[in-house]
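Q:
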Amino acid sequence: LFSIGREVMAATSKTKTVVVERLEGSESLTTVTATSATESATSQESFECNDFSYCDDPKDAVIDETLMPMELRGKFWKTERTLGEGGNFKVYLVRSNDGLKYAVRLSRRQDRSTKCYRKSKERQIEAASYMEKHLKNALQLDELIGYHPNIVRLVGFRKVNLCTQRFVEYVSGGDLHDFMEARRTRKKHQVGIKEVRSLFSDLMRAVKHIHNLHIAHMDIKVENCLLTPSGSLKLTDFDEAVYFEPGKKMRGSVYATKAYAAPETFDKEYRPDCADMWACGIVLFFLLRRNVPWEVAKEDDKMYRKWYQTERKEHFFSFPRLYRGVAEFLLKMLKVDANERATADEIIAHQWLRFQERRLKVNF
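Throughout the sequence shown, residue numbering follows UniProt numbering, covering 1 to 364 in sequence.
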C-alpha cells in the first residue's frame with residue numbers, strides 16, 4: 001500500500017491546487033492540503049463531511065488521498081443519494097466528474113446529517129482516532145480476503161479534514177431485505193426454489209472463503225447481502241469481523257444483530273465461525289418465509305422457547321411443498337449445540353444445494 005520514494009500529484013482549479021505527497025521511506029500518511037494563491041490557512045470546521053467536492057466549499061480543506069487508487073485521485077465527487085445506514089455508518093452513492101460510481105461509507109460520528117455527530121473539536125478528534133484504527137484493520141482484512149466474486153470490494157480511503165470516507169464497490173441491486181420486501185409488495189409471496197438456492201449458494205461461497213482464511217464475519221444478515229442486477233449476491237460490511245483459531249472458543253461481544261445471534265453467543269465465549277453458520281441459517285429462513293423465526297435465541301423469547309423444546313424440530317415450521325427437504329437442511333445450521341452445527345464446506349456440499357441450476361437473473 002505504501003511505496004518508497006516521492007510521489008506528487010496536483011489537480012488544479014481556477015484558484016486552488018490539491019497536492020498529494022508521500023515521503024521517502026515513510027509508511028505514515030502525509031497531509032494533503034488545498035491551498036490558494038492568496039491564502040494558505042485551512043479550516044477544520046467548514047468542510048461538510050457529506051460534501052464530496054474539492055473546491056466548492058467556501059474554505060480550503062485538508063484532503064488526503066494516499067490510500068486511494070492512483071486512477072481515482074484528483075477527481076470531483078458528487079453525492080447522488082443515500083443508499084442506507086446502520087448503527088455505525090451511513091452509506092452514500094457518489095459519482096465522479098467522469099461518471100464513475102462508488103458507495104461511500106461515513107462513520108455516523110463524522111457525518112453532520114446524523115444525531116451521532118458532535119460539533120466539538122475534541123469529539124471530532126476522538127472520532128478521527130477511532131476511524132484511524134478502523135482504517136488499519138479494514139486494510140489488513142481486505143489484504144487477507146483478496147478478491148472474491150461474492151464479497152463487496154474495498155476500493156480505498158479518502159480523508160477530508162478529520163473525516164474518513166471509505167470507498168467500496170457499488171452494488172446496484174440493493175440488499176436482500178429490500179428485495180424480499182419488493183416481492184411482498186408485488187404479492188408474489190414465494191421466492192422460487194431456484195432463486196433461493198442461487199442466492200444462498202452465493203452467500204455460502206463467501207462464508208466458505210473467509211472461514212478458510214480463519215475470518216468470521218460476525219454480522220451476517222439480509223441487510224448485509226447485496227444483489228447485482230444479474231442476480232448474484234455479495235456479502236458486505238466486515239466491521240465486526242474477527243480472526244479465529246479453528247476449533248477454539250474466544251471471548252467476544254454478542255453477535256452484532258441479535259435476531260441472527262446463536263444462543264451460545266450470549267455467554268460471551270463461543271466459536272465465531274459457528275456463530276456465522278447459525279446466522280446463515282437465519283438468512284435462509286428469511287429467504288423462505290420473509291421474516292426471522294424469533295427476535296432472539298434465548299429462552300425468554302416465546303417463539304424460540306417453543307422451538308427449542310420441540311423434539312422434532314424439522315416439523316416445527318411449515319414450508320411449501322416446493323421447498324421439500326429444506327427443513328432438514330436448515331436444521332444443519334440451527335443446531336443449538338455449536339459443535340454439531342454444519343460448517344460452510346458441509347453446507348456447500350449438501351445435496352439440497354447441489355440441485356442448484358444455472359444462474360438466474362433476478363428481476364428487481
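Built from N, CA and C at the ideal position, the CB exists for glycine as well.
At the level of alpha carbons, what is the spacing between SER198 and SER232?
A: Distance between the alpha carbons of SER198 and SER232: 8 angstroms.
Q: Who are the near neighbours of VAL292 in its chain, counting only those whose CB is closer than 8 angstroms to its CB and skipping five residues on each side?
A: Cβ within range, chain order: ALA259, TYR260, ILE282, PHE285, PHE286.
Q: Determine the closest residue to ASP273 out of PRO246, GLY192, GLY252, with distance taken between C-alpha atoms.
A: Out of PRO246, GLY192, GLY252, PRO246 has the C-alpha closest to the C-alpha of ASP273.
Q: Using the three-state DSSP reduction, which class does residue 402 fall into: helix, strand or coil?
A: With the chain covering only 1 through 364, there is no way to say anything about residue 402.
Q: What beta strand (DSSP E) runs, 3 residues minimum, are completely inside the stretch 135-163?
A: You should have 154-160.
Q: For LEU284, does the three-state DSSP call read helix, strand or coil?
A: Here LEU284 sits in helix by DSSP.
Q: Do ALA275 and TYR255 count as a contact pair if the criterion is CB distance below 8 angstroms?
A: Yes, the Cβ-Cβ distance between TYR255 and ALA275 is below 8 angstroms.
Q: Smallest Cα separation from VAL196: which of PHE167, HIS209, LEU227?
A: For the residues PHE167, HIS209, LEU227, the minimum Cα distance to VAL196 belongs to LEU227.
Q: Starting from GLU80, follow the beta strand (DSSP E) in both directions and report where the run begins and ends.
A: Counting along the chain, the beta strand (DSSP E) containing GLU80 begins and ends at 77-85.
Q: Once DSSP output is grouped into helix, strand and coil, what is the label at LYS249?
A: It is coil, neither helix nor strand.
Q: Note the first and the last residue of the continuous beta strand (DSSP E) segment covering ALA344.
A: Taken as a continuous stretch (DSSP letters only), ALA344 belongs to no beta strand (DSSP E), being part of the alpha helix (DSSP H) at 344-349.
Q: From ILE348 to ALA279, what does the alpha carbon distance come to, in whole angstroms?
A: Taking the straight line from one Cα to the other gives about 15 angstroms.
Q: Which term fits THR30, buried or exposed, when burial requires 16 or more other beta carbons within 10 angstroms of its beta carbon?
A: At THR30, the pLDDT of 33 sits below 50, so the modelled position is not reliable; the number obtained from the coordinates is stated separately. Its Cβ having fewer than 16 others within 10 Å, THR30 is exposed.
Q: Report the CB separation of LYS234 from ASN339 in whole angstroms; it is logged as a contact under 8 angstroms.
A: 30 angstroms between Cβ atoms; not a contact.
Q: For LYS302 and PHE317, I'd like the C-alpha separation in whole angstroms.
A: If you take the alpha carbons of LYS302 and PHE317, they lie about 15 angstroms apart.
Q: Any idea if VAL32 is buried or exposed, counting beta-carbon neighbours within 10 angstroms, 16 or more meaning buried?
A: Only weak support is given to the placement of VAL32: the predicted model assigns it a pLDDT of 35, under 50, and the question is left unresolved by the model.
Q: Is there contact here, the stretch 73-81 with the stretch 91-108, by at least three beta-carbon pairs under 8 angstroms?
A: Touching, per the Cβ criterion.
Q: Please list the segments of the beta strand (DSSP E) lying wholly inside the stretch 177-237, counting only runs of 3 or more residues, in order along the chain.
A: Here the runs fully enclosed are 225-227, 233-235.
Q: Between the alpha carbons of residue 365 and PRO263, how many angstroms are there, rounded?
A: Because the chain is modelled from 1 through 364, residue 365 falls outside the range shown and cannot be assessed.
Q: Just the Cα atoms here: how many angstroms apart are HIS350 and TYR270?
A: Taking the straight line from one Cα to the other gives about 25 angstroms.
Q: Would you call the stretch 66-73 and the stretch 151-171 in contact, with 3 or more CB pairs under 8 angstroms?
A: Verdict: yes, contact present.
Q: Should ALA61 and LEU83 be called a contact, given that it needs their Cβ atoms to be closer than 8 angstroms?
A: No, they are not a contact pair.
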